[in-house]
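Taken in order, the sequence shown gives residues 1 to 297; the numbers are from UniProt numbering. Glycine included, C-beta positions come from ideal geometry on N, C-alpha and C. All remarks here apply to the structure that follows.
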Amino acid sequence: MRNKNYKIGQLYMISKHSREQSGGGEGVEVVRNEPCTDHKHGDGQITEKRIYLNSKLPTWMRKFVPMAFYITETAWNFYPYTITEYTCSFLPRFHVRIETHFENDNGCSENMFGDDPTPKDSVCFLDILCDPIPDKHYKKSEDLRHWVSEKTGRGPLVDGWRNTTKPIMCSYKRVTCSFEVYGFQGRTEDFIHRNIRDILLVGHRQAVAWIDEWHGMTIEQVREYERKQQEETNCQLKSDITLTDSAPPVRPSFTRSISVTDESSLKKMGVKTVAMPDSPSSPSSLKSPLRLNSTPE
1 MRNKNYKIGQ
11 LYMISKHSRE
21 QSGGGEGVEV
31 VRNEPCTDHK
41 HGDGQITEKR
51 IYLNSKLPTW
61 MRKFVPMAFY
71 ITETAWNFYP
81 YTITEYTCSF
91 LPRFHVRIET
101 HFENDNGCSE
111 NMFGDDPTPK
121 DSVCFLDILC
131 DPIPDKHYKK
141 SEDLRHWVSE
151 KTGRGPLVDG
161 WRNTTKPIMC
171 SYKRVTCSFE
181 VYGFQGRTED
191 FIHRNIRDIL
201 LVGHRQAVAW
211 IDEWHGMTIE
221 QVREYERKQQ
231 EETNCQLKSD
241 ITLTDSAPPV
251 RPSFTRSISV
261 TDESSLKKMG
271 VKTVAMPDSP
281 SSPSSLKSPL
291 RLNSTPE
């Protein structure tokens with residue numbers, strides 16, 4: 001896909017995927033979606049979303065977060081360059097930043113972001129054909145080994161497709177995450193990186209597999225599709241949350257309170273603790289960024 005086509009495919013995929021993942025009081029609520037301007041990158045679009053995902057958290061993490069838990073996603077889209085940031089008011093030391101460059105190559109560029117190169121052991125190449133995805137996300141209709149596009153005649157993909165397929169482009173991503181909470185930092189940051197990898201793989205597979213649904217759309221048409229999907233998702237989420245709030249609370253059979261600074265309790269839970277810095281007021285350095293190169297057709 002060329003840049004101008006993939007921009008439409010990306011917007012379509014994000015809107016449809018968000019709609020599919022919403023239900024039962026969880027999903028994506030769009031708070032704002034409007035044009036913006038940047039002195040360096042020019043005209044773009046800013047989108048702010050609330051992502052409700054309590055049941056998708058690991059069991060050990062759900063013990064410490066409220067039921068009405070959501071993450072705020074703020075994205076600045078200056079295609080082919082985008083910035084996405086994730087924060088959480090309940091976890092003030094939680095922060096994820098993803099920078100993206102889309103380029104018409106097969107992932108061969110070594111320093112797309114034009115600064116200090118990321119160490120090679122922190123670079124991860126994602127292949128939408130060969131890399132495994134969690135079983136819960138697998139759909140045969142989105143398996144690119146069996147996919148054929150009626151509109152474009154493309155597909156199925158075969159081993160080595162990145163070196164033979166034309167046109168082709170790559171999504172270069174630099175992911176930096178931080179969760180500066182004693183005893184939970186490494187475990188949570190690994191969880192974040194692992195889940196971002198899965199989300200990127202599934203999303204880019206879907207952008208290709210759904211090509212017959214969005215191919216030929218104009219930017220105005222995909223923005224209208226995006227608006228309708230957002231309206232439907234927001235209405236469904238508000239309805240589900242209202243029903244949940246009106247239900248009588250379930251009294252737990254017991255309660256337990258654990259301090260995250262209680263090293264003894266943390267070890268019993270299997271959490272590896274780390275030494276506190278000499279100065280508690282000094283900010284911790286961010287974990288080395290992980291760059292993800294995902295190459296869609």
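Classified as exposed, K4 has fewer than 16 neighbouring CB atoms from the shown chains inside 10 Å of its CB. The continuous alpha helix (DSSP H) containing H204 extends over residues Q185 to A209. The region 92-105 and the region 170-179 touch, with three or more beta-carbon pairs separated by less than 8 Å. Within the DSSP bridge table, the entry for Y225 names no partner. Under the DSSP assignment, W76 falls in the beta strand (DSSP E) whose first and last residues are Y70 to F78. Within the same chain, and ignoring the five residues on either side of S89 in sequence, the residues whose Cβ sits closer than 8 Å to its Cβ are T72. Close CB contacts of Q229 within its chain, under the 8 Å cut and outside five residues either way in sequence, are with S15, K16, S18 and R19 (chain order). Judged by DSSP in its simplified three-state form, R145 adopts coil rather than helix or strand. Just measuring C-alpha positions, the residue of D131, S141, Q45 and T233 sitting nearest D198 is D131. Where N163 is concerned, there is no enclosing beta strand (DSSP E), although the alpha helix (DSSP H) around it starts and stops at W161 to T164. Residue environment analysis places F184 among the buried positions, since at least 16 neighbouring C-beta atoms fall within 10 angstroms of its C-beta. Between P117 and H101 the beta-carbon gap is near 14 Å, outside 8 Å, which marks them as no contact.
In the three-state reduction of the DSSP assignment, T118 falls in the coil class. In the three-state reduction of the DSSP assignment, G27 falls in the strand class.
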